[in-house]
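**Q**
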Amino acid sequence: MDQPVKIAVAGSGFGRKVALPVYQELEEFEPVAVWSRRPERARELADDAGVPVGTSDFDELLSVPGLDAVHVATPVTTHAQFAMAAVERGLHVLCEKPLANDLAEARRIVDAIRAAGVVGAVDYELRLKDVRRRLIECAREVVGRPRMVSVSLIRSDHADPYTRPHTWVHDASLGGGRLQGYGVHDLDLVLEIFPEVEAVAAATEVGVPLRTAGDDDQLRPVTAEDTYVVLLRFRGGGLGTVSMAATARHDRGDVIEVHGDEGTVRLDADRRLWWGRAGEELQCEGPLDASSTAAFARVAKSFWSAIREGGVAEPSLEEGLRVQAVFDAARVADAERRWVRPEAVASR
11 MDQPVKIAVA GSGFGRKVAL PVYQELEEFE PVAVWSRRPE RARELADDAG VPVGTSDFDE
71 LLSVPGLDAV HVATPVTTHA QFAMAAVERG LHVLCEKPLA NDLAEARRIV DAIRAAGVVG
131 AVDYELRLKD VRRRLIECAR EVVGRPRMVS VSLIRSDHAD PYTRPHTWVH DASLGGGRLQ
191 GYGVHDLDLV LEIFPEVEAV AAATEVGVPL RTAGDDDQLR PVTAEDTYVV LLRFRGGGLG
251 TVSMAATARH DRGDVIEVHG DEGTVRLDAD RRLWWGRAGE ELQCEGPLDA SSTAAFARVA
311 KSFWSAIREG GVAEPSLEEG LRVQAVFDAA RVADAERRWV RPEAVASR
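Take 11 as the starting number for the sequence shown in our numbering and just add one per residue.
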């Protein structure tokens, strides 16, 4: 690769586990720095990955010679701070989802990226899993207008205080919660098929209110939801539900059903995809691949292509704003226990 993108990764969660290893494997990228809040953790990450710079000073990260881009994988409430600082240096930005803490903040990020003439993208990589790409493709072909859409996730990884250590994900003040962790991916999936959402209702709960700190037996309070249900009303008719229970005692694969006036698409818990038009028997294929790593590699390659060859990186900033509007409406609906109309987002 003659023009690898020199990239820095900010964040020691997804950034360490998925993004950094993918960038190291792709010839399109050259990871040159990592950032973590704690200096010793930053140096450890850099040493483990063989990356030249590990720092807790974001200005130092942005000052790495030849740096082209930054992957922002920090807590949601810091996305704007980190993304805007990178854009001010003329750097391209790939931001984790959701794009920001709220739609107004997300718009500021997008406006800054556009004004600077750099490339921006939002990491809704789950839609690029083989299994979900095929589901979206089938739904667009056979379903027609929506009647009922259901996305149901059942996880057991938060079933008791000791299954997952307390992190920012369990802190509402830092933008944590399973709705921002998983729900926005599923909203993104639904909006890829039926983008016109008229109104949103939602309910969230904290099923396990205490969680171990990880490095000792002390239990810390959990303030961010581990269970949610989002109800969507589509413009022109049809309903949708996006739900998750992360505290179930027994795990189950994702179940997604899309029912329309012309046909049906169904993903079962064994990653088999079923589809058919009205009057036909359902056809089946699979099990299909559900690798998140492979999906993120597709996001990364699109980001590289937009930087080096021009065009729009996918998932796009506009799609990030679209999901953010529905996500914001869901949070208001949960807090105020009413239907909420998502704020309109103009497409470009």
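Glycine included, C-beta positions come from ideal geometry on N, C-alpha and C.
Note that the structure is a prediction, hence the values are computed from the model and not measured.
(1) Using a Cβ-Cβ cut-off of 6 Å (strictly less than) and excluding sequence neighbours within five positions of Arg348, which residues of its own chain qualify?
(2) From the DSSP output, which residues share a beta bridge with Trp284?
(3) Whole-angstrom Cβ separation of His180 and Val232, contact assumed at under 8 Å?
(4) Tell whether a beta-carbon distance below 8 Å holds between Asp236 and Thr257.
(5) Alpha carbon to alpha carbon, how far is Ser183 from Ala90?
(6) Using a Cβ-Cβ cutoff of less than 7 Å, which residues in the same chain neighbour Val194 once the five nearest sequence positions on both sides are dropped?
(7) Just how far apart, CA to CA, sit Arg245 and Val153?
(8) Under a Cβ-count criterion, where at least 16 other Cβ atoms within 10 Å of its own Cβ denotes burial, should Asp299 be classed as buried or exposed?
(9) Looking at the strands, I want to know which residues DSSP matches up with Val15.
(10) Within the same chain, show all residues whose beta-carbon is closer than 8 Å to that of Gly247, passing over the 5 residues directly before and after it, in chain order.
(11) Kindly list the residues whose CB is nearer than 8 Å to the CB of Arg282, restricted to its own chain and excluding five residues on each side of it in sequence; keep chain order.
(12) Which term fits Ser326, buried or exposed, when burial requires 16 or more other beta carbons within 10 angstroms of its beta carbon?
(13) Ala356 to Asp57, Cα distance in whole Å?
(14) With a CB to CB cut of under 6 Å and the five nearest residues on each side skipped, what residues in its chain are close to Ala59?
(15) So for Phe24, helix, strand or coil by DSSP?
**A** According to the structure data:
(1) Taking the sequence shown and counting its residues from 1, the one referred to as residue 348 is at position 338. None.
(2) Indexing the sequence shown from 1 puts residue 284 at position 274. BP columns for Trp284 point to Arg276, Cys294.
(3) Locating residue 180 in the sequence shown gives position 170, counting from the first residue. Locating residue 232 in the sequence shown gives position 222, counting from the first residue. Indeed they touch by this definition, with Cβ atoms about 5 Å apart.
(4) Taking the sequence shown and counting its residues from 1, one reaches residue 236 at position 226. Taking the sequence shown and counting its residues from 1, one reaches residue 257 at position 247. In contact: Asp236 and Thr257 (Cβ atoms closer than 8 Å).
(5) Counted from its first residue, the sequence shown places residue 183 at position 173. Counted from its first residue, the sequence shown places residue 90 at position 80. Near 15 Å, if we compare the C-alpha coordinates of Ala90 and Ser183.
(6) Counted from its first residue, the sequence shown places residue 194 at position 184. Closer than 7 Å at the Cβ level, and outside the excluded window around Val194, lie Lys107, Pro108, Val333, Phe337.
(7) In the sequence shown, counting from the first residue as 1, residue 245 sits at position 235. In the sequence shown, counting from the first residue as 1, residue 153 sits at position 143. Taking the straight line from one Cα to the other gives about 16 Å.
(8) Translated into positions along the sequence shown, residue 299 becomes position 289. Exposed, since its Cβ has fewer than 16 Cβ neighbours within 10 Å.
(9) Translated into the one-based positions of the sequence shown, residue 15 becomes position 5. Answer is Phe39.
(10) Taking the sequence shown and counting its residues from 1, the one referred to as residue 247 is at position 237. Taken in chain order, the residues that qualify are Arg155, Pro156, Arg157.
(11) Position 272 of the sequence shown holds residue 282. Result list for Arg282: Cys294, Glu295, Gly296, Pro297, Leu298, in chain order.
(12) Along the sequence shown, read from residue 1 onward, the residue named residue 326 stands at position 316. Per the 10 Å Cβ criterion, buried.
(13) Position 346 of the sequence shown holds residue 356. Position 47 of the sequence shown holds residue 57. Approximately 44 Å, taken between the alpha carbons.
(14) To locate residue 59, count along the sequence shown from 1; it is residue 49. Cβ neighbours of Ala59 beyond the five flanking positions: Leu30.
(15) Here residue 24 refers to the residue found at position 14 when the sequence shown is read from its first residue. It is helical.
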